[in-house]
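Contents: one structure, followed by commentary.
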Amino acid sequence: MKIADVRVIVTCPGRNFVTLKIVTDDGVHGVGDATLNGRELAVAAYLRDHVAPALIGRDASRIEDTWQYLYKGAYWRRGPVTMTAIAAVDTALWDILGKVAGLPVYKLLGGRSREGVTVYGHANAATTDEVLAEVARYVDLGYRAVRVQTGVPGLASTYGVSGDKMFYEPADAALPTENVWSTEKYLAHVPTVFARVRDEFGPTVKLLHDVHHRLTPIEAARLGKSLEPYALTWIEDPVPAELQEGFRLIRQHTTTPIAVGEVFNTVWDCETLIREQLIDYIRATVVHAGGITHLRRIFDLAALHHVRSGSHGATDLSPVCMAAALHLDLAIPNFGLQEYMRHTPETDAVFPHGYHYDGGYLHPAETPGLGVDIDEELAARYPYRPAQLPVNRLEDGTVHSW
Ligand code: KDG
Ligand code: MG
Numbered sequence: 000m001k002i003a004d005v006r007v008i009v010t011c012p013g014r015n016f017v018t019l020k021i022v023t024d025d026g027v028h029g030v031g032d033a034t035l036n037g038r039e040l041a042v043a044a045y046l047r048d049h050v051a052p053a054l055i056g057r058d059a060s061r062i063e064d065t066w067q068y069l070y071k072g073a074y075w076r077r078g079p080v081t082m083t084a085i086a087a088v089d090t091a092l093w094d095i096l097g098k099v100a101g102l103p104v105y106k107l108l109g110g111r112s113r114e115g116v117t118v119y120g121h122a123n124a125a126t127t128d129e130v131l132a133e134v135a136r137y138v139d140l141g142y143r144a145v146r147v148q149t150g151v152p153g154l155a156s157t158y159g160v161s162g163d164k165m166f167y168e169p170a171d172a173a174l175p176t177e178n179v180w181s182t183e184k185y186l187a188h189v190p191t192v193f194a195r196v197r198d199e200f201g202p203t204v205k206l207l208h209d210v211h212h213r214l215t216p217i218e219a220a221r222l223g224k225s226l227e228p229y230a231l232t233w234i235e236d237p238v239p240a241e242l243q244e245g246f247r248l249i250r251q252h253t254t255t256p257i258a259v260g261e262v263f264n265t266v267w268d269c270e271t272l273i274r275e276q277l278i279d280y281i282r283a284t285v286v287h288a289g290g291i292t293h294l295r296r297i298f299d300l301a302a303l304h305h306v307r308s309g310s311h312g313a314t315d316l317s318p319v320c321m322a323a324a325l326h327l328d329l330a331i332p333n334f335g336l337q338e339y340m341r342h343t344p345e346t347d348a349v350f351p352h353g354y355h356y357d358g359g360y361l362h363p364a365e366t367p368g369l370g371v372d373i374d375e376e377l378a379a380r381y382p383y384r385p386a387q388l389p390v391n392r393l394e395d396g397t398v399h400s401w
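The sequence shown begins at 0 in numbering that gives the first Met the number 0 and counts up one residue at a time.
Have a look at this one:
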């Protein structure tokens, strides 16, 4: 069971994806997602030039050892490019192990801890009236949890509010487009949206909101307080998370739960947040946080401190990442929610998969491995197209967080 071939596949079936395919000398193959939105080719080069040559001839079943080899052996630890590359290798090796063992990966991780993976969908629209219809669409589809985003009156466009409905593609141009932001207008508007949503849909549907790192801690505290009457399941990324201690201030002021972590890539990014119980949900993902091996380590630390998982699952995380996430979500004791944005039919065709949605839950495939693959021939028909995430500016022109 030695690694005989390692291929990096870049494809753009509607959006860019990077996929690692590892093949053993017995002809078993595994896949791992290596997509880093807007920086795809950096990870592809890291894998192709620096990682793939070192994998040839290694025992494919030594998953932990390979992880340590790539993490410690690089000398330059952490960072999104490195950790996405390591994640791709790790995910592909778990896929291979599952296939060789004849078991779906969640069984290798200890077996199911629940019957299905509760997901949340994205309701987003320019106005409150329109977003109510979007929430209704998800509720009708059986979703138990819905993230609600709207435009802000007085601002021309807002990151996270797209023209598309069931899909969402923020990397919209070869060079970054720009949005204009006003915290004052935003803070005045958001509570009015959630008042209407709660009023219309009652107390039981879980409601979430993504702040996209745009506030200071005291502004985030005010937002959390103003949303308390509407009992949100979480506000996400309230402040830029480089400063973990910043969350202490938010915590002192509000009981609105906090989720963070989609840009995190190791346990060190959230160790203080988890250990001090400054957050309620950790949103790190398989693809950006070092694969199944490292993300499980993060979730285990979180379990000790009453923090639950809430993994990122936007469309820039490929079906390979989603499949891997579902196996982990099913197995861990402290699962909270899984974000689920549907992929386009073009993406689904390039990545045939066995996971499926049913009445508010996703279920991983029961086939050996991850239950997802890449159709290389089809992938080759969609060449890479440069696309970057937008930049946000304040009304006076200052560059701001999203
Ligand atoms: O690539 C960035 C997007 O995946 C991200 O902005 C989406 O914030 C997001 C979310 O919560 O899905
Ligand atoms: Mg987010």
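Glycine included, every Cβ here is placed at the ideal spot set by N, Cα and C.
Is the beta carbon of residue j closer than 8 angstroms to that of residue i?
| i | j | result |
| --- | --- | --- |
| A324 | V266 | no |
| N406 | V130 | Nothing about residue 406 can be reported from this structure: the residues present for the chain run from 0 to 401 only. |
| P175 | L388 | yes |
| I21 | V9 | no |
| S308 | F350 | no |
| R47 | M165 | no |
| R221 | L186 | yes |
| T232 | P202 | no |
| H304 | R274 | yes |
| D279 | A313 | no |
| L272 | F246 | yes |
To which residues of the same chain is residue i closer than 7 angstroms at the C-beta, ignoring the five residues directly before and after it?
| i | result |
| --- | --- |
| Y354 | M321, A322, L325, L361, H362, P363, A364 and G370 |
| E199 | L131 |
| T416 | Residue 416 lies beyond the range of the chain shown here (0 to 401); nothing can be said about it. |
| P382 | C11 |
| N36 | A170, D315 and L388 |
| T83 | A33, L35, V42, V286 and H287 |
Can you check which of these residues, the options, is closest to residue i by C-alpha distance?
| i | options | result |
| --- | --- | --- |
| R282 | A301, T292, G396 and V9 | A301 |
| P344 | I291, S317 and S156 | S317 |
| L19 | A194, I85 and N333 | I85 |
| Q243 | L277, L222, P256 and W233 | L277 |
| E227 | T253, I249 and H212 | T253 |
| G101 | L393, E275 and T366 | T366 |
| H212 | G153, V390 and C11 | V390 |
| G289 | A170, E63 and V204 | E63 |
| R295 | D279, V319, N264 and Y45 | N264 |
| H399 | S181, T34, R14 and T314 | S181 |
| H49 | G37, T81, E39 and D24 | T81 |
| A87 | E394, I291 and D209 | I291 |
| G359 | T314, V145, R14 and A378 | V145 |
| R143 | D128, E241 and V118 | V118 |
| D171 | G396, G13 and E235 | G13 |
| A219 | H352, A240 and T34 | A240 |
| G223 | S60, R250, V147 and G110 | R250 |
| E403 | E235, E270, L272 and P103 | Since the first residue of the chain shown is 0 and the last is 401, residue 403 is not available in this structure. |
| D89 | Y74, P79, R61 and R77 | R61 |
| D357 | T346, D372 and Y339 | Y339 |
| D209 | R195, V189, A194 and S225 | V189 |
| I331 | D268, L40, D395 and R111 | R111 |
| H293 | K205, R38, D58 and R77 | R77 |
Go to residue i, then tell me how far its alpha helix (DSSP H) extends in each direction, as first and last residue.
| i | result |
| --- | --- |
| G396 | It is not in any alpha helix (DSSP H) - G396 carries neither H nor E in the DSSP assignment. |
| G101 | Note, G101: premise wrong, no alpha helix (DSSP H); not H, not E. |
| K20 | It is not in any alpha helix (DSSP H) - K20 instead sits in the beta strand (DSSP E) that spans F16 to T23. |
| D128 | T127 to D139 |
Residues in the same chain with beta-carbon distance under 6 angstroms from residue i, minus the five sequence neighbours each way, listed in chain order, please.
| i | result |
| --- | --- |
| E197 | One detail in the question is off: residue 197 reads as Arg in this sequence, not Glu. Answer for R197: Y229, listed in chain order. |
| L214 | P237 and V238 |
| D374 | V349 |
Relative to ligand 3, is the shortest distance from any of its heavy atoms to the C-beta of residue i smaller than 7 angstroms?
| i | result |
| --- | --- |
| N36 | Ligands present in the displayed structure are limited to ligand 1 and ligand 2, and ligand 3 is not among them. |
Between which residues of its own chain and residue i is the CB-CB distance below 8 angstroms, once the five residues before and five after are set aside?
| i | result |
| --- | --- |
| A173 | R384, P385, A386 and Q387 |
| A125 | T149, G150 and V160 |
| R113 | L329 and F334 |
| L107 | W93, L96, G97 and A100 |
| W75 | T81 |
| R392 | E177, N178, V179, W180, V398 and H399 |
From what residue to what residue does the beta strand (DSSP E) around residue i run?
| i | result |
| --- | --- |
| D209 | K205 to D209 |
| R146 | A144 to T149 |
| V179 | E177 to W180 |
| R6 | I2 to T10 |
| I217 | No beta strand (DSSP E) contains I217, which is instead part of the alpha helix (DSSP H) from P216 to L226. |
| D32 | H28 to D32 |
| E235 | W233 to E235 |
Review point. Between the segment 67 to 79 and the segment 131 to 138, do at least 3 Cβ pairs fall closer than 8 angstroms?
Key: no
Practice item. Please confirm if the segment 26 to 38 is in contact with the segment 94 to 110, defined as three or more CB-CB distances below 8 angstroms between the two stretches. Key: yes
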